[in-house]
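The next block holds one structure in the form of structure tokens; read it before the comments.
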Amino acid sequence: MPQADGHHPQDPSSMIRTFVEALDVEDLIMRFEIDFDAPMRQADATGMLRLARAHTKDPAAGLRGIARRVGAHWCEIVQADVAYELLSALRLIEASQPDAERLLALLADTAADPDDVFPAYALARWYDGAGRIRYRLGSYTASRRAFGTAVQVAERGRLWWALPDLLSNYTRAEFEERGQAAREKDAEEGTRDVDVFVRSLQQMHDKILVQARERGVDVEAVPDEAMPLRHREFLRGYSNSLHNLAIALRQAGDRERSLRVTARSKALSEALNDTYRTAQSLLNEAFCRDRPEERFEALRELVHGRTNFVEPGWERGRRIARQNLARLGGGRDGLADLGRLLDELEDDAAGAGRRAGLDVDFYAYTVRYYRETAAALPPAERPRDVLDRRLKMAESVREAIALPVYKRAYANHVRPAYLRAIGAQMARGGHRQEDLEKIVSLVEESSGRELLDLLASSRPPVLGRPAHPLPMASDASPAEGAFPDDRRMPLRAQPPAEASKARERRELLVEREQQYEDHFLHHPLTSATHDEDIAHQLVQYTLNHQGSCVVRYFRFGTSDVPLDGEETPEPDSLGIMVCRDGVLTLLPSVPYTDVADLARRVFEDLGDRQFPVPREETCRRIWNLLIKPVWESVNRGGPPTHLTLIPTDDIFAIPLHVATAPEDDLPLAARVPLSHSVSVAAFVTRGRHLLKKQLMEDDDDLAALLSTDARATGREVVDAGWPATHVHVAGAVPDALVGQVESAFAADWDGLEQLVAVKPEFFLYAGHGVYVNEPEVSGPLIHLGESDMLSQFDIALRVSLPRNKLTVLGACLAGQGMGSDGGDVLGFMRSLIISGAGAIGVPLWSVRDTALAATVSALLRESRAALGSSSTGVFDVVQALHDHYRESMETYTSVEARVDRLPIALYL
């Protein structure tokens with residue numbers, strides 16, 4: 003066989019093997035930031051690491067092997083981040099997180115070795131990379147925690163050259179976390195918050211300069227190959243801190259100073275051959291209105307690789323440049339360029355990591371500029387596809403949404419496109435069935451889609467308990483004016499002492515939400531295909547269930563101010579569609595401001611400490627605004643045998659079942675058999691209408707999770723009329739049932755697991771909780787005994803109720819938090835439906851314990867009475883609840899006293 007010598011080239015595989023054997027993996031990772039990330043050569047480094055099998059587990063390698071795997075994954079996370087393949091990055095994070103956490107624990111138990119910095123460096127960079135991905139996704143609390151860990155590891159490991167970059171990222175994430183709350187306040191306060199951010203970044207900048215002097219780094223020097231590697235990495239981080247300061251100055255309105263700071267940052271980046279950071283500086287200069295066309299031209303050339311930078315360009319930067327040059331150029335040419343860019347975005351489905359709906363902001367801005375450019379043209383030259391382009395964006399992103407974290411983008415950009423499209427369809431008029439079916443179809447395409455995705459996908463497995471318990475909520479103190487003792491604790495009304503726990507609770511709740519999201523990285527949601535015939539199915543349902551009537555509330559229109567030359571869009575409104583006996587009826591719309599005002603009034607009523615119940619005036623307003631308009635259509639052909647109301651947005655928080663007509667003191671739930679549902683698709687297509695009547699069996703199991711006290715007694719279990727051999731309790735067994743239940747467990751995670759294992763047909767919760775309304779996370783939590791609290795994410799991932807027929811969540815306001823700005827169904831309602839729960843009863847205010855116990859007991863007894871002398875029977879939960887409510891009204895005459903005896907809303 004020929005030997006490799008000067009005349010016979012070496013076999014390629016041997017050359018690769020020789021190269022790999024000589025490759026110093028640790029040195030490559032230590033040099034990645036400067037030699038590969040800065041010049042956009044990330045793929046070179048990750049390719050070499052793959053060849054060297056740096057990601058492969060080697061038990062014999064010990065701590066160093068773990069550190070090499072963590073470092074190798076960091077390099078790939080950075081590559082995915084720059085390419086905006088964020089779903090791929092999330093999967094890389096999940097794959098390497100166990101190694102990172104183990105390395106963190108190992109390093110915490112050993113003293114830092116200044117001569118062996120690689121393990122700490124790889125770990126600090128990994129957490130920084132993870133923080134960057136969470137930051138991109140808008141999860142600012144999660145990103146701030148990851149960046150904070152990176153800084154702690156770097157400081158302990160004395161990684162002074164990496165600290166400028168890590169500190170800059172941490173400071174920015176901390177600001178954004180605070181800013182989420184500030185943006186909800188007035189503009190003046192928001193501006194002050196930006197000023198605080200500028201001061202924080204300036205202080206960090208000064209701290210970095212002190213570190214530079216201590217380490218002998220010349221921040222005024224022009225970096226070159228002769229400069230030590232660590233000095234260059236320090237300066238790259240310094241450049242990043244300058245860029246963040248420049249952005250903050252621009253946001254604070256100080257454009258001149260922002261440009262000066264950006265000039266220094268850009269000079270460092272150019273000297274470091276840093277394509278990405280140079281591009282960021284060009285963008286800031288353009289947004290500061292400093293010769294923007296010239297800056298975007300330079301950006302386009304830079305990211306194409308047609309400058310002094312000899313390395314590959316940045317594709318997303320190229321698109322940003324194209325987008326803005328077309329916007330600035332305007333006219334027919336600008337419109338054509340934006341149209342071509344939209345065509346590319348519509349077709350850009352390559353790669354699982356990209357097809358995630360994550361670049362929706364860029365897509366939405368492109369649509370917006372297309373709309374603005376079109377409106378500036380003469381009427382005869384305007385394209386007719388502006389609304390279609392916007393709807394196309396909404397549809398394509400809708401198909402890609404897989405994780406709850408995308409909701410903010412969906413709410414900001416996608417749902418508004420649907421609302422405007424619905425408004426346009428409404429404006430076209432026409433009351434033919436076909437016209438009305440188109441409206442229903444658009445409404446259902448835009449509403450509650452994530453829940454349908456979850457239902458269309460395989461049910462998540464029941465996971466183990468969370469890693470950390472949530473801080474428990476305490477009762478209201480007498481000094482603060484406690485609620486009456488006979489009511490279950492209102493979740494929103496916690497004492498000021500709770501504020502000290504808010505940050506810890508928010509962080510841990512974010513941790514549970516993140517686990518919920520991460521679960522779907524390996525179990526992606528199946529995007530439930532929208533059924534174009536959904537309206538026809540609704541028609542068929544009412545035809546085949548005589549006396550049934552469905553009322554679909556929906557939002558449409560926009561608060562956008564029309565551009566010059568544009569048709570005036572429909573205003574932000576509430577639409578109402580009624581379907582009875584196969585006939586769709588569109589009723590006059592209602593200004594949405596009236597709905598929002600009513601929701602605020604309900605909220606005020608429920609916050610009253612002496613009588614936290616909807617007032618009579620409020621019940622009348624609910625009737626006049628939301629029920630009176632539909633009443634004639636609902637009763638056409640006689641009183642309905644089953645009325646189903648499907649709320650939207652703020653209406654989820656309004657107790658429709660207590661609506662009371664001016665001429666009648668009988669609330670709606672006592673007038674007609676009533677249920678609610680979350681969408682037409684869930685009610686009809688997913689078969690939840692079948693939960694109205696269900697087969698009862700004599701071996702049905704009743705499971706009760708009791709976190710009880712004097713206010714939440716759990717008496718609903720006592721008078722259930724259930725055979726003791728099929729009663730299972732987790733928590734304090736009521737005195738009347740001691741020794742008379744089949745099984746009794748503690749009210750903790752073990753007890754909950756054992757309750758779920760029974761696969762109960764009936765599931766009850768009795769207790770209290772707290773409503774969290776913090777940046778990034780909001781929604782109810784309920785007590786799990788005295789050890790922890792249950793969130794909506796815990797119910798979705800840790801509770802499975804596959805054979806369930808009825809679930810009642812007896813914690814006050816547990817039904818709140820269902821609506822969202824994106825039209826999705828959230829809170830416990832979503833989680834219970836995902837878990838397999840049947841009909842669901844939830845309170846919407848601080849209900850009276852006796853009323854709730856009496857109502858739930860009545861339903862349970864009626865379900866057993868349906869058996870008669872047989873082993874099976876049919877139970878109509880809607881009719882049973884109506885009958886109980888109607889009977890309860892006979893004892894009381896005032897509206898408020900009657901409303902107080904209507905503790906739960908029933909959802910099918």
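With the sequence shown counted from 1, adding 2 to any position gets you the working numbering. Note that beta-carbon positions come from the ideal geometry of N, C-alpha and C, so glycine has one too.
Asked, Found
"Cβ shell of N326 (< 6 angstroms), same chain only, five flanking positions each side left out", "F298"
"Host alpha helix (DSSP H) of E699 (start-end)", "Per DSSP, E699 belongs to no alpha helix (DSSP H); it is in the beta strand (DSSP E), K695 to E699."
"A113 at chain B interface by Cβ criterion, 8 angstroms", "Considering every chain present, this structure includes no chain B. It has just one protein chain."
"Contact check, G781 vs L846, beta carbons under 8 angstroms", "no"
"T48 classed as buried or exposed, judged by whether at least 16 other C-beta atoms fall within 10 angstroms", "buried"
"Three-state secondary structure assigned by DSSP to I656", "coil"
"Residue environment, N775, which counts as buried when at least 16 other CB atoms sit within 10 Å", "exposed"
"DSSP bridge partner residues for D790 (one or two, in chain order)", "L786"
"Any 3 or more C-beta pairs closer than 8 angstroms across the segment 662-680 and the segment 861-868", "no"
"Cβ-based burial, I18 [other Cβ within 10 Å; buried from 16]", "exposed"
"Selection from E157, V84, L465 and L379 that minimises the alpha carbon distance to R138", "V84"
"Reference R217; option with closest CA among F199, A868, W162 and A269", "W162"
"First and last residue of the uninterrupted beta strand (DSSP E) at F765", "F764 to A768"
"Environment of F556 [buried if 16+ CB atoms lie within 10 Å]", "buried"
"Minimum C-alpha distance to M206 - residue among T852, A223 and L168", "L168"
"Outcome for Y909 when other beta-carbon atoms lying within 10 angstroms are tallied against a minimum of 16", "buried"
"For Q517 and P406, the rounded distance between their alpha carbons", "Residue placement at P406 is flagged as unreliable, the pLDDT there being 43, under the threshold of 50; the coordinate-derived value follows with that caveat. Rounded to the nearest angstrom, the two C-alpha atoms are 11 angstroms apart."
"For Y86, the three-state DSSP class (helix, strand or coil)", "coil"
"Under the three-state DSSP convention, the category P100 falls into", "helix"
"C-beta atoms of V731 and V743 nearer than 8 angstroms", "yes"
"Buried or exposed by the 16-neighbour rule on C-beta atoms within 10 Å, applied to V212", "exposed"
"Cβ neighbours of E186 in the same chain (closer than 7 angstroms, five flanking residues each side left out)", "Legend: pLDDT at E186 = 40, less than 50; position of this residue unreliable, value from coordinates given subsequently. Counting only Cβ-Cβ distances below 7 angstroms, and skipping sequence neighbours, we find nothing."
"Cβ-based burial, T58 [other Cβ within 10 Å; buried from 16]", "exposed"
"Nearest neighbour of R302, chosen from A328, D292 and R291 [CA to CA]", "A328"
"8 angstroms CB neighbourhood of V844 in its chain, flanking five on each side removed", "V810, L811, A816, G817, F830, M831, I906, A907 and Y909"
"Check whether I36 and A91 have beta carbons under 8 angstroms apart", "no"
"Extent of the continuous alpha helix (DSSP H) run through Y909", "First-last for Y909: A907 to Y909, but that is the beta strand (DSSP E), not the alpha helix (DSSP H)."
"Pairwise C-alpha distance: D197 and A122", "34 angstroms"
"From P657, M42 and D437, residue whose alpha carbon lies closest to that of D902", "P657"
"Distance between R55 and S141 (C-alpha atoms, nearest Å)", "32 angstroms"
"Span of the alpha helix (DSSP H), counted from its first residue to its last, around M428", "R417 to A429"
"Span of the alpha helix (DSSP H) around M50", "Q44 to L53"
"Exposure label - R508; buried when at least 16 CB within 10 Å", "buried"
"Any alpha helix (DSSP H) of 4 or more consecutive residues that is wholly inside the segment 697-733", "717-720"
"Chain-order list of residues whose beta-carbon lies under 8 angstroms from that of T560 (same chain, five-residue window excluded)", "P418, L421, R422, G425, P571, E572, P573 and D574"
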